Each structure stands twice: as C-alpha cells, then as structure tokens.
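> The structure's right below; bear with me while I get my questions together.
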Amino acid sequence: MATAFDWKQRPLQRVAPDHPTGTPAGKFPDPDLGTDRIPAARYTSPEYMKREWTNLWSKVWLLGGREELIPESGDWLSHEVGSESFIFVRQPDGAIKGFFNVCPHRGNRLVPKDASGFSNSFRCGYHHWEWQTDGALKNIPDRETFPQLQAPDTNCKLGLKEVRTDSWGGFVWFTMNKDGPSFREYMGVIPQHLDPYKFEAMKLIDWKTIRWDCNWKTSVDAFNETYHVQGIHPELLSWLDDWNVQIDCLGIHNRYLVPFTTPSPRYEDQETPSAMMHGFAQLHGVDPAAYEGQPRELRLAIQRAKRAIQNDSIYPYAALNDDQLSDDYHYMIFPNVTMNIYGETMLMFVSRPHPTDPDKMFFDLLNFAHLSPETPHQLPDHTIYDHGQISLGQVLDQDAHNLPIVQEGMHSAAYDGLILGAQELRIRHFHKILEDYVGPD
Amino acid sequence: MSGPTEGWFDAGAADLALSSLQCRMVGESRVLIVRDGVGSYFAVSPDCSHASLPLEGGRVRGSAILCPHHGARFDLRSGRALGPPAWTGIASWPV
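Chains as they are written, first to last, in our numbering: chain A, 1 to 441; chain B, 1001 to 1095.
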C-alpha cells in the first residue's frame, strides 16, 4: 500500500536570519520551562485574581489608549483596567499625562468611563472641585469651610494622583508602579522588532469592546497557539500553515511567525490552490490565472510581487523582510496585548480583567491600517457589546463561541490543570512570567 | 438645510475646514454648522443641553462634537447625548 507523503516533513522556506531589512527573523533559543501542568485556579480563583491585581496589574506597563484620539491640548480619554479608571490628557507641550480618575474629595469619577472629551480643566460634577489638566488643584468652592485645608501645602497634597506614562507606536502606555523599570526597559526588543511597521502612521479604523464570559488569560491563551486551528478554524487550513510556526520567547514577551497564503501540511490538497488562495493571490498582486507554481510557493510569489512595487507603495514594504510581506508576525506584549501584524494592517486584541469576577473580562478589538493621504479618515466610535451580541467575523466568532465553554470546564473537579505541548510554548512562557510577578501557586 | 421651522434654508457657504464649526444665523435662528473629519456637514443646536452654554469653541472628534465647557459630547448625526454631564440631546437638522 502506497504510503502518503507526510507534508509535515517538508520544510518551509523562510527568510534568511541575516536579511538586511525588517524585523529580525532568526530563531531565538527556546527556554526550558519543564512540562508541569498549569493550575486551573489561576483562571478561576477570586483569591488568585486579587494577587494578580496586587502583583501584576499594579506593577506592569499597560496600554492606555491611542494617541490620535487626543491630538490637541486638553483632549482626554478615559480607560479602565479592573476596578481602576484612568484619564490620559494631552498637555500644552504635547506630552500626555495620566491620572487616576477619582476625586479626592468624596471619590466621584471626574470624567465618565470609556469616554473621551476635551476640557480646559477637570471639574468634579459633584461639588465642583477643580484641577488643571496637569493635575494641580485649581479650586475648591467655599474652601474656608474646610479648616483642614487652610495650610499652603494642602494644594500639592490634593493634586490628582498620577501614573507614569510613555509613548510608542502611536499609543500611550502607563504603569501604576512608581518604581520598576522604565517603559523602554520593560519593552525590551519589541520596539526594535516592530518599528519597521510604523504603527504610529497607521489609522484606527475600527474599535470594539466585548464583554466576554471568560478569564482574561483564557483569551490571551486562545491567540497564543496555532494548535487550535485544525479544531476551531478548519476552514483556514487551505491557506494558513499552522504547523511550520516559529515560536520565539523575547524576554517577558513572545511571538510566533505564521506563514500565510500557503496551505497547512494537514490540508489534503497540496496540488491545487483553494478558492481562498486565488482570492489572496488576486488581493496581493499575483494573477491567479497566470500563477503556475505549487500552492506552497504562492506565498513567495506574493512576496516578490510586493517587493516589486515597494518603492511606490503607501505600505512600509521596503522596511520589512520578505516573510513580513506575506505572513502574520504575531506578537504578545506581556501581559495582555496581542497583535496580528501584516504589511498593510494590524489587528490588536487587548484582554482586560473584570473588576471582581475571574470568569469575566473585556476584549478590546482594534483594527489599524495604513491609509493613503487622500483617503478620508474619521476616528471610529468606540462601541461596546455583550458576548455574542454581534458578529466579529467568522474566525473570531469561532474563538468567542469556544472560550466560555473552556472557562466553564476549568471549574470542573475533574480538571487537573493545563497540559501544554511544544506548540503551546507561548502559553507556558506566559505563565512562567506570570508566576515571576504573582508568585508561586 | 432644513431649518428650525418648516422649509429649507440657505445656511451659508460650504467653506468650513475639516473638523471645524461655526455659529451662523439661519432665518431668525442661531444654528451651529459643523464639518466633520471626512467633509460631511451637520447643523445642530448652538447651545449645550447640559448648562445651556455655547457649543462654539468646542471640538469635533470623529462623528461627535465636544462641548468646551464641561466635556459633554453629542452625536452630530442625531444630536444624541453621548455621556455625562449632558443627559438630553441637542436638536439636529438635515443638511
């Protein structure tokens, strides 16, 4: 009986590690992280969630928002993580300051949550205590009725409580941690890797938040391995290689490089390009009718087609390596920012914790694209939905359908914790860093 | 534009810069003419529903106008209030 060729054995052609341009593509050595199970309680336990707040969320650098939302002095946006709300406000000198969104008088929110606006000062709607946009106290009505507030040094004690901020990629980042590393130290190699994509020049074209019924880590895990594609997204196997995936651990962050526009070795027809592959060829400048190569090589033809037009394209092709012209460079910035990165667009997922419930979270879905200067662009409204209320597209709907079921199963007395294989190294690496912050179980 | 009373009115030249606004007299009424970031024109009430202060001097962000006094936001298409401190919307007229 003829044995079928095992397409998993056929190596994928990758760009040379010393390719002169673009993101470094060389393989980083895999850390040895053992094979122990990951305790399910990290996903289900309210106690663990409290420890995460104290030792993780309050210590790391987090994404605050998109800078293009607050271009002028006095423009502000509010952003929530867990039980805290923050205000990020553009200063007259162009810098962005961040503050806890709470009035020191009686605890009221100074601005609405999940909102943006513009004001020359922050005035609490409750009793009209007021602050400059740099956080300094401006006015307390009837101050004479507060004997404890007569001393001159009271003002600085009543300034808004500030968080450290920094800017990169067109985003404002922040940390509640007064000490700890600078943003650049925290990010490690990420800026060097991703600057070629010029995120700061991209435009935000869609921005949704979904209230998902699962732990924030259940969401992060779901996008940190391609092992699930065969089960959850079988329709992708004709044009996405879920096997020849290069996983790299990058300090506390990680990535994988996923070959696109080439069939998975699991896909049964390795001889004729699928309809999806024809569509991609057309989309990316390769005439499907004229293409005579193997389906596995279409990816290389697309790279050549984009290389040929790189000097008069609005996309940063010239600054990228060959694989970046066809593949998904998929990065995770610890702990909760996931980016699917292509030559033309970037799809960002931010998984934010619920204030109190480990079985709930907020899934931010942000879509970015390089647009030509002539393309009229308007900032999208930020829309917020319940789990399953709208479609996010077939692929994300497939993930979204699955996640609450996984979360529920992890509560089972019969579930002994995560068993992770080599294709799930990113999850294991993520949990090693998580443990470095939160401590042993 | 269709004015505060019946009929269509001339609301002046379509000469606003992108993401800008201007209060104009239309018939006998003050109307705030707004142009958003992609060039569409809107006509809304000139005063904020929160504290009845003029919206002129406010800013246009996406498809919303931001009151310069207390940060209230309104949808330019419908006049709907988009969050505190304003709870009721403002009038908006077809353009």
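C-beta atoms are modelled at their ideal positions from N, C-alpha and C, and glycine is treated no differently. None of these values were measured; they are calculated from a predicted model.
Cβ of aspartate 436/A within 9 Å of Cβ of alanine 40/A?
In this structure, aspartate 436/A lies away from alanine 40/A, with their beta-carbon atoms at least 9 Å apart.
> Here's the rule: buried if 16 or more other CB atoms are within 10 angstroms of the residue's CB, otherwise exposed. What is methionine 1025/B?
exposed
> My assumption, with CB atoms under 8 Å, is that arginine 1102/B sits in contact with leucine 1066/B. Please give the rounded CB distance.
Because chain B is modelled from 1001 through 1095, residue 1102/B falls outside the range shown and cannot be assessed.
> Looking at the structure shown, is methionine 348/A part of a helix, part of a strand, or coil, going by DSSP?
Strand at methionine 348/A.
> How about proline 196/A and glycine 22/A: are their beta carbons less than 9 Å apart?
yes
> Can you list, in chain order, the residues of its chain with a C-beta nearer than 6 Å to that of threonine 175/A? Leave out the 5 residues immediately preceding and following it.
The answer, listed in chain order, is Trp61, Arg164.
> In whole angstroms, give me the CA-to-CA distance for tyrosine 385/A and leucine 392/A.
11 Å
> Between methionine 1/A and proline 273/A, what straight-line distance do the alpha-carbon atoms span, to the nearest angstrom?
A caution first: methionine 1/A carries a pLDDT of 44, below 50, which makes its placement in the model unreliable, though a value can still be read off. Distance between the alpha carbons of methionine 1/A and proline 273/A: 27 Å.
> Have a look at glycine 409/A and arginine 211/A and give me their C-alpha separation to the nearest angstrom.
19 Å
> Between which two residues does the beta strand (DSSP E) containing leucine 77/A stretch?
75–81
> Check whether the Cβ atoms of tyrosine 315/A and arginine 426/A lie closer than 9 Å to each other.
no
> With H, G and I counted as helix, E and B as strand and the rest as coil, what does DSSP make of glycine 125/A?
Coil.
> Spatial neighbours of glutamine 443/A within its chain, please: CB distance less than 7 Å, with the 5 preceding and 5 following residues excluded, ordered by chain position.
Because chain A is modelled from 1 through 441, residue 443/A falls outside the range shown and cannot be assessed.
> Could you name the residues of the same chain whose beta carbon sits closer than 7 Å to that of glutamate 225/A, not counting the 5 residues immediately before and after it, in chain order?
Gln423, Glu424, Arg426, Ile427
> Please tell me whether serine 1063/B has its Cβ less than 9 Å away from any Cβ of chain A.
yes
> Along chain A, which residues have their Cβ under 9 Å away from the Cβ of aspartate 1036/B?
Chain A residues near aspartate 1036/B: Gln378.
> Using a Cβ-Cβ cut-off of 7 Å (strictly less than) and excluding sequence neighbours within five positions of asparagine 244/A, which residues of its own chain qualify?
The beta carbon of asparagine 244/A is closer than 7 Å to those of Leu12, Pro259 in its chain, skipping five residues each way along the sequence.
> Of all the options Arg109/A, Gly94/A, Ala95/A, which has the alpha carbon lying nearest to the alpha carbon of asparagine 101/A?
Arg109/A
> Say the cut is 8 Å; is the CB of glutamate 47/A nearer than that to a heavy atom of the ligand FMN?
Of the ligands one can find in the structure shown there are none, so the ligand FMN has no counterpart to examine.
> Which partner residues of leucine 236/A appear in the DSSP bridge assignment?
In the DSSP output, where bridge partners are listed per residue, leucine 236/A has none listed.
> When you check each C-beta in the segment 102–127 of chain A against every C-beta of chain B, which residues fall closer than 8 Å?
Val111, Pro112, Ala115, Ser116, Gly117, Phe118, Ser119, Asn120, Arg123, Gly125
> So if DSSP puts phenylalanine 118/A in a beta bridge, which residue, or which two residues, is it bridged to?
Asp75/A
> Going by Cα to Cα distance, which pick from Glu344/A, Tyr291/A, Asp328/A is closest to serine 313/A?
Put simply, of Glu344/A, Tyr291/A, Asp328/A the residue whose alpha carbon is nearest the alpha carbon of serine 313/A is Glu344/A.
> Restricting to Cα atoms, I'd like to know which of Pro355/A, Glu130/A, Lys113/A is closest to arginine 51/A.
Comparing Cα-Cα distances from arginine 51/A to each of Pro355/A, Glu130/A, Lys113/A, the minimum goes to Pro355/A.
> How many angstroms separate the CA atom of phenylalanine 280/A from the CA atom of alanine 290/A?
14 Å
> Report the three-state DSSP secondary structure of tyrosine 48/A (helix, strand or coil).
helix
> Excluding the 5 residues preceding and the 5 following aspartate 241/A in the sequence, name in chain order all residues of the same chain whose CB lies nearer than 8 Å to its CB.
Leu12, Val258, Pro259, Phe260, Thr262, Pro263, Ser264, Pro265
> Among Leu160/A, Gly74/A, Val220/A, which has the Cα closest to the Cα of serine 121/A?
Gly74/A
> I need the DSSP call for alanine 2/A, collapsed to helix, strand or coil.
Only weak support is given to the placement of alanine 2/A: the predicted model assigns it a pLDDT of 47, under 50, and the question is left unresolved by the model.
> Could you check whether proline 295/A and glutamine 192/A sit closer than 9 Å to each other, using their CB atoms as the reference points?
no
> Just to make sure I have the definition right: I need the residues of chain A whose C-beta is within less than 7 Å of the C-beta of glycine 1039/B. Which are they?
Neighbours of glycine 1039/B on chain A, chain order: Pro376.
> If contacts are defined as beta-carbon pairs under 8 Å, then isoleucine 205/A and phenylalanine 368/A qualify, I think. What distance do you get, rounded to the angstrom?
7 Å
> To the nearest angstrom, how far is it from the Cα of tyrosine 317/A to the Cα of alanine 136/A?
45 Å
> In this structure, how does DSSP classify alanine 281/A when only helix, strand and coil are distinguished?
helix
> Residues of chain B with CB under 8 Å from glutamate 72/A, in chain order?
Arg1059
> Does the Cβ-Cβ distance between proline 114/A and serine 78/A come in under 9 Å?
What sits at residue 114/A in the sequence shown is aspartate, not proline. Yes. Within cutoff.
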